[in-house]
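The block underneath contains the structure these notes are about, expressed in structure tokens.
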Amino acid sequence: MKRLCYFVNSDWYFDLHWTERAIAARDAGYEIHIISHFIGEKIIKKFKTLGFICHNVSLVAQSFNMFVFFRAFLNARKIIKEINPDLLHCITLKPCLIGGVSARRSNTPVVISFVGLGRIFLYNTVPMRILRALTVLVYKYIAGNKRGVFIFEHDKDRRKISRLVGIDYHKTIVIEGAGINPDIYKFSIEKKHEIPIVLFASRMLWSKGLGDLIEAKKILRQKNIHFVLNVAGILAEDDKDAIPLELIHHWHNEGLINWLGRSSNVYELIQKSNIVALPSIYPEGVPRLLLEASSVGRACIAYDTGGCDSLIIHNYNGLIVKSNSVQELAVELEYLLKNPQIRLEMGANGRKRVKELFSSILVINKTLQIYKDTIGC
């Protein structure tokens with residue numbers, strides 16, 4: 001039995017976005033190992049029940065402490081060496097750097113997954129520019145692995161990294177996000193509400209766009225255009241980009257948002273919504289929220305960043321707005337609020353687009369083929 005080892009920074013992230021693919025790989029005959037920073041027993045128990053073998057590594061996703069990083073590097077290298085995988089699949093920045101270097105040194109077949117480029121490619125402060133330059137240098141080294149493949153969630157990231165790193169184009173592949181199962185996220189006609197409901201669900205980071213959405217709501221409120229802004233998400237207390245919980249509560253008390261906290265059933269929230277909004281400037285992959293919303297049949301509105309506009313086609317299954325343009329966001333949101341028939345048409349188109357291009361079975365089949373081809377190199 002061939003050993004497939006996933007290396008990812010956060011256990012919850014793998015559980016949300018990668019479990020379905022790992023199950024498919026297990027069913028295809030791979031022994032599944034997962035290296036991650038496991039923060040609780042719940043996910044470990046779930047993975048063990050699925051037959052996965054878990055390995056904990058002290059990796060802090062948002063830390064830029066080099067001592068902590070190199071300690072994690074040595075720890076992860078030791079674990080990878082002990083597993084001796086037939087294929088290493090690295091996901092998110094630090095695992096890609098650590099795992100990619102380890103695979104190059106040991107000539108191990110490796111898949112490097114860019115699930116968006118992250119904040120290191122977002123900000124232009126001097127420290128970030130230095131980190132970006134170092135990251136590109138490491139990726140150039142990793143790209144020298146003849147048994148390596150680079151996967152991207154959309155073509156914008158593929159073009160950017162290929163240009164910066166100088167990766168051979170034949171070693172790069174686009175797989176459209178994590179995919180979504182249309183049979184689970186079923187289509188439904190939106191319900192009529194006295195006041196329309198707009199849903200924002202994400203990590204509580206400024207770069208995800210909640211602040212802009214609230215400013216757009218204030219603009220529309222001055223025009224006597226009202227909607228309920230349901231907000232659900234994960235707090236990111238240790239992140240410099242985090243929205244303080246006190247401010248979230250203030251917005252809630254002011255009636256600007258309806259704060260729902262962390263939700264275990266975003267699908268249900270989407271079903272209750274009329275519009276789903278994600279005006280994010282974060283260098284996204286293909287956001288799962290927009291995938292789920294499109295599968296359910298909800299019109300979406302998003303900024304033209306990351307993979308948002310690889311899923312959302314302007315005036316087809318949603319609206320795309322220029323990044324950081326609050327005024328334009330308000331105008332386009334007003335258009336959706338005032339045109340329920342347009343929303344229904346966009347929702348139907350979104351469902352069609354998901355089934356044709358973004359369904360999980362397509363993503364799984366492409367991923368398994370990459371595993372087969374990479375190990376065979």
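The sequence shown begins at 1 in full-length UniProt numbering and counts up one residue at a time. Think of the CB as a built atom: it goes at the ideal place given N, C-alpha and C, for glycine as much as any other residue. Because the structure is a prediction, the values reported are computed rather than measured.
Taking C-alpha positions only, residue 98 is separated from residue 77 by approximately 8 Å. The residues 30 and 86, in chain order, have a CB closer than 6 Å to that of residue 2 in the same chain once the five nearest residues on each side in sequence are set aside.
Cβ neighbours of residue 354 within its own chain (closer than 7 Å, five residues either side excluded): 180, 182, 291, 294 and 295. Contact check between the stretch 278-292 and the stretch 115-127: three or more CB pairs, one atom from each, fall below 8 Å, which counts as touching.
Following the DSSP letters along the chain, one finds residue 230 inside the beta strand (DSSP E) bounded by residues 228-234. Residue 111 is positioned such that its CB atom lies no closer than 8 Å to that of residue 57. For residue 327 and residue 263, the gap between their C-alpha atoms comes out near 30 Å. Judged by DSSP in its simplified three-state form, residue 18 adopts coil rather than helix or strand.
The C-alpha of residue 361 lies about 19 Å from the C-alpha of residue 6.
Rounded to the nearest angstrom, the gap between the Cα atoms of residue 48 and residue 330 is 47 Å.
The residue from 22, 267 and 71 with its alpha-carbon nearest to that of residue 54 is 22. Looking at the backbone, the Cα of residue 260 and that of residue 231 are separated by about 6 Å.
Our two residues, residue 243 and residue 372, have alpha carbons roughly 43 Å apart in a direct line.
Put simply, the stretch 4-20 touches the stretch 33-53. At least three CB pairs are less than 8 Å apart. If you check the CB distance, residue 225 and residue 334 come in under 8 Å.
Distances from the alpha-carbon of residue 267 to those of 280, 256 and 297 put 297 closest.
Per DSSP, residue 12 has no beta bridge partner at all.
Taking 8 Å as the upper bound for CB-CB distance, residue 374 and residue 127 are not in contact here, some 34 Å apart.
Assignment of residue 172 by DSSP, reduced to helix, strand and coil, places it in the strand class.
For the stretch 208-265, the continuous alpha helix (DSSP H) assignments of 4+ residues that do not extend past its boundaries occur at 210-222 and 245-253, in sequence order.
For residue 270, the CB contacts under 7 Å within the same chain, skipping 5 residues up- and downstream, are 199, 276, 292, 293, 296 and 298 in chain order. Under the DSSP assignment, residue 36 falls in the beta strand (DSSP E) whose first and last residues are 31-37.
If you draw a straight line from the Cα of residue 173 to the Cα of residue 191, it comes to about 39 Å.
Inclusion of residue 217 and residue 280 in the CB contact set at 8 Å is not warranted, their separation being larger than that value. In the DSSP assignment, the residues bridged to residue 56 are 36. Sequence-distant partners of residue 321 (beyond 5 residues in either direction) whose C-beta falls short of 8 Å from its own C-beta, in its chain, are 279, 301, 302, 303, 304, 328, 329 and 332. Residue nearest to residue 235 within the set 227, 245 and 229 is 245 (criterion: CA-CA distance). Residue environment for residue 367: buried (at least 16 other C-beta atoms within 10 angstroms of its C-beta). Annotation: residue 359 is outside any alpha helix (DSSP H) and is labelled neither H nor E by DSSP. As computed with DSSP, residue 89 is found in a beta bridge with 6 and 111.
Distances from the CA of residue 203 to each of 187, 233 and 196 were compared; the closest alpha carbon is that of 233. With a beta-carbon spacing of about 5 Å, residue 88 and residue 103 fall inside the 8 Å limit used to define contacts.
Taking residue 171 as reference, the option from 177, 158 and 178 with the minimal CA-CA separation is 158. The three-state secondary structure of residue 203, taken from DSSP, is strand.
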